[in-house]
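Top line first, the protein sequences correspond to chains S and X.
Position one of the first sequence corresponds to residue 7 (our numbering), numbered consecutively onward.
Position one of the second sequence corresponds to residue 2 (our numbering), numbered consecutively onward.
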Amino acid sequence: MVLLDIDRAGRAFGSGHLRVVALDDVSLRVSAGEFVAVMGPSGSGKSTLLRLAGGLDRPTSGRVLLAGRDLAGLDEAGLAQALRRQIGFIFQETNLLASLTAAENVALALELDGVRPKAAMAGARGLLDSLGLAATGSRFPGQLSGGEQQRVTIARAVAGGRSLLLADEPTGALDAITGESVMGLLRQRCAAGCAVVLATHNVRHAAWADRVMFLTDGRLAGETGPPAGPECLLGTGQAR
Amino acid sequence: MSVRHSLLAVLSAGPMHGYGLKTEFEAATGDVWPLNVGQVYTTLGRLERDELVTAEADADGQKVYQITEAGRDELARWFETPVPRQMIPRQEVAIKLVFAMRSGVTDVAAVVQRQRVATVRALQDVTRLKAAAESSGDLAWLMMLDALVFQAEAEARWLDMCEARLARENTAAGTARRQPEIPAGQAAKRSSQWSS
Chain S
7 MVLLDIDRAG
17 RAFGSGHLRV
27 VALDDVSLRV
37 SAGEFVAVMG
47 PSGSGKSTLL
57 RLAGGLDRPT
67 SGRVLLAGRD
77 LAGLDEAGLA
87 QALRRQIGFI
97 FQETNLLASL
107 TAAENVALAL
117 ELDGVRPKAA
127 MAGARGLLDS
137 LGLAATGSRF
147 PGQLSGGEQQ
157 RVTIARAVAG
167 GRSLLLADEP
177 TGALDAITGE
187 SVMGLLRQRC
197 AAGCAVVLAT
207 HNVRHAAWAD
217 RVMFLTDGRL
227 AGETGPPAGP
237 ECLLGTGQAR
Chain X
2 MSVRHSLLAV
12 LSAGPMHGYG
22 LKTEFEAATG
32 DVWPLNVGQV
42 YTTLGRLERD
52 ELVTAEADAD
62 GQKVYQITEA
72 GRDELARWFE
82 TPVPRQMIPR
92 QEVAIKLVFA
102 MRSGVTDVAA
112 VVQRQRVATV
122 RALQDVTRLK
132 AAAESSGDLA
142 WLMMLDALVF
152 QAEAEARWLD
162 MCEARLAREN
172 TAAGTARRQP
182 EIPAGQAAKR
192 SSQWSS
């Protein structure tokens, strides 16, 4: 099932000789269970693409469909509701509320969806547990390492069964091994049926994706397609 | 790649036949660097000549190799000495790009882009192996996959840099065309080919 369908989208800012094209005729379809990475230098349009995907911005040409619905057809309230129910955002800054514990931060997302506080707390603890983060539940963000904070942010982003995760440089401030654990967690969410779109400069992290798209000057410059499989890599066909 | 020292390392665990050594080496390195049998026996012949291993025939008349004290010393020396970095392997990608630039017969940016897609694709494959290996607890295998990951990453990042350099060069050339007061020779000089 195609969750996100960006169809020949463009985004330009300004007009006349000051017109800047941030994104030009870019298409991207992401299905449930699929992990797509978007790479490109600063200013190549990665973040613009993610903002369009997340309904935070509207395209000046083309369409963005979320689970088959054209976001342009929704009013502000309808858009806000569709986004909150279906999309989880993960940024480099974790934006966890410092006065709430990790479990309370996750529970808050559920409460905003209308879940009662007690059930939300139970749901949050269950989710943290399933993501190997049970030990963080009662601690405040300030008592967590950067990697733990980012993983709690992912838990919050997927709470309530949100099906599309949009991650913009989520591992920017993390060391190599912690960054990989965050990628492993995103991969795990894909296996559970989420769709993930990751914008990153880090090619090692992009390589966790099923497909890697390269943007240059707002245009699609290349795409890796689905992985060929380790047999191709190792030549001998005997990789374990 | 030091086949010689790798074979000594395998033999340090106990005596073995030549074919067993080949199999052990390939299993330890995940078949990334397959050895041919001839290479293994040639290397074992030299190790025997240098008295780093001894060979005795077993009941079936097949040679069983055993590491000597001198062999253990040689192995220890290998572990204690860093591999010299001046041994730069010939890199076909770098050579291809240099000639793509100098020959002027192809679109260099397209060469860079195609290679980057291929390199990142290979990186995706190793990353899949790594994700699967995380749960195996085989640390040596994981570290070996890390090595492949970082090598592919280095190439991908270098290709990013090449792309950025080409883009900057194009912008500079475009600016030079629009502003004739900048000596036209300067941009031309930078992109000059065999003569440079």
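Heads up, the beta-carbon is just placed ideally off N, CA and C, and yes, glycines get one too.
Treat the numbers as computed from the prediction; the structure is a model and nothing was measured.
| Item | Value |
| --- | --- |
| Is Val-158/S helix, strand or coil by DSSP? | helix |
| By the 8 Å beta-carbon criterion, what residues does the segment 203-214 of chain S contribute toward chain X? | Val-209, Arg-210, Ala-212, Ala-213, Trp-214 |
| Of all the beta strand (DSSP E) runs that stay within the bounds of the segment 72-106 of chain X, which reach a length of 3 or more residues? | none |
| Looking at chain S, which residues of the segment 94-124 of chain X have a Cβ within less than 8 Å of any of its Cβ atoms? | Gln-114, Arg-115, Arg-117, Val-118, Val-121, Arg-122, Ala-123, Leu-124 |
| Kindly indicate the opening and closing residues of the beta strand (DSSP E) around Arg-35/S. | 26-37 |
| Give, in chain order, every residue of the segment 216-230 of chain S whose Cβ lies closer than 9 Å to some Cβ of chain X. | Asp-216, Arg-217, Val-218, Phe-220, Thr-222, Asp-223, Ala-227, Gly-228, Glu-229, Thr-230 |
| I need the straight-line Cα distance from Glu-164/X to Thr-107/X, nearest angstrom please. | 15 Å |
| Against Arg-157/S, what residues of chain X qualify as contacts under a CB-to-CB distance less than 8 Å, listed in chain order? | Correct list: empty, because the minimum Cβ distance to chain X is about 15 Å. |
| One question on the structure: do Leu-12/X and Gln-67/X come within less than 8 Å of each other, judged by their Cβ atoms? | yes |
| Taking C-beta to C-beta, are Leu-146/X and Val-127/X nearer than 8 Å? | yes |
| What does Ser-154/X touch in chain S if you count any residue whose Cβ is under 9 Å from its own? | Per the sequence shown, residue 154/X should be read as Glu rather than Ser. Those are Asn-208, Val-209, Arg-210, Ala-213, listed as they occur along chain S. |
| Within 10 angstroms of its Cβ, does Gln-92/X collect 16 or more other Cβ (buried), or is it exposed? | exposed |
| Using a Cβ-Cβ distance under 8 Å, would Gly-185/S count as near chain X? | no |
| Quick check on the DSSP output: what are the complete alpha helix (DSSP H) runs of length 4 or more inside the segment 101-175 of chain X, in order along the chain? | 109-134 |
| Could you tell me which chain S residues have their CB closer than 7 Å to the CB of Val-4/X, listed as they occur along the chain? | None at all; the shortest Cβ gap to chain S is about 16 Å. |
| If you drop the 5 nearest sequence neighbours on each side, which residues of the same chain put their C-beta closer than 7 Å to that of Thr-120/X? | Ala-153, Glu-156, Ala-157, Leu-160 |
| Tell me whether Gln-92/S sits in a helix, a strand or coil according to DSSP, three-state version. | helix |
| Are there 16 or more other CB atoms within 10 angstroms of the CB of Ser-21/S, so buried, or fewer, so exposed? | exposed |
| Any contact of the segment 35-46 of chain S with the segment 86-94 of chain S, i.e. 3+ C-beta pairs under 8 Å? | no |
| Quick check: the Cα distance between Gly-178/S and Gly-19/X, rounded to an integer number of angstroms? | 48 Å |
| For the alpha helix (DSSP H) holding His-109/S, just list the boundary residues, first then last. | Per the sequence presented here, residue 109/S reads as Ala, with His not at that position. Taken as a continuous stretch (DSSP letters only), the alpha helix (DSSP H) holding Ala-109/S covers 108-118. |
| Between the C-alpha atoms of Ala-73/S and Gly-16/S, what's the straight-line distance to the nearest angstrom? | 20 Å |
| Taking the beta strand (DSSP E) that Ala-128/S falls in, what are its first and last residues? | First-last for Ala-128/S: 123-136, but that is the alpha helix (DSSP H), not the beta strand (DSSP E). |
| Look at Asp-216/S and Glu-40/S and say whether their C-beta atoms are less than 8 Å apart. | yes |
| Does DSSP put Gly-148/S in a helix, a strand or coil? | helix |
| Just checking, does the segment 29-40 of chain S make contact with the segment 219-226 of chain S on the three C-beta pairs under 8 Å criterion? | yes |
| Among Val-84/X, Asp-61/X, Leu-149/X, Asp-51/X, which has the Cα closest to the Cα of Asp-74/X? | Asp-51/X |
| Using a C-beta to C-beta distance shorter than 7 Å, which residues of chain X count as neighbours of Arg-195/S? | Those within 7 Å of Arg-195/S in chain X number zero; the least Cβ separation is about 13 Å. |
| Could you confirm whether any beta carbon from chain A is found closer than 8 Å to the beta carbon of Gly-143/S? | Among the protein chains of the structure shown, namely S and X, there is no chain A. |
| Which residues in chain X sit within 8 Å of Gly-190/S, going by Cβ to Cβ distance? | Ala-132, Glu-135 |
| The beta strand (DSSP E) with Thr-55/X in it runs from where to where? | 54-58 |
| Under the rule that 16 or more other beta-carbon atoms within 10 Å means buried, what is His-211/S, buried or exposed? | buried |
| Can you confirm whether the segment 186-206 of chain S touches the segment 157-176 of chain S when touching is taken to mean that 3 or more C-beta pairs between the two stretches lie within less than 8 Å? | yes |
| Can you check whether the CB of Ala-38/S is closer than 8 Å to the CB of Gly-231/S? | no |
| So, are the CB atoms of Leu-58/S and Ile-12/S less than 8 Å apart? | yes |
| Under 8 Å Cβ-Cβ, which residues of chain S neighbour Ala-165/X? | Pro-47 |
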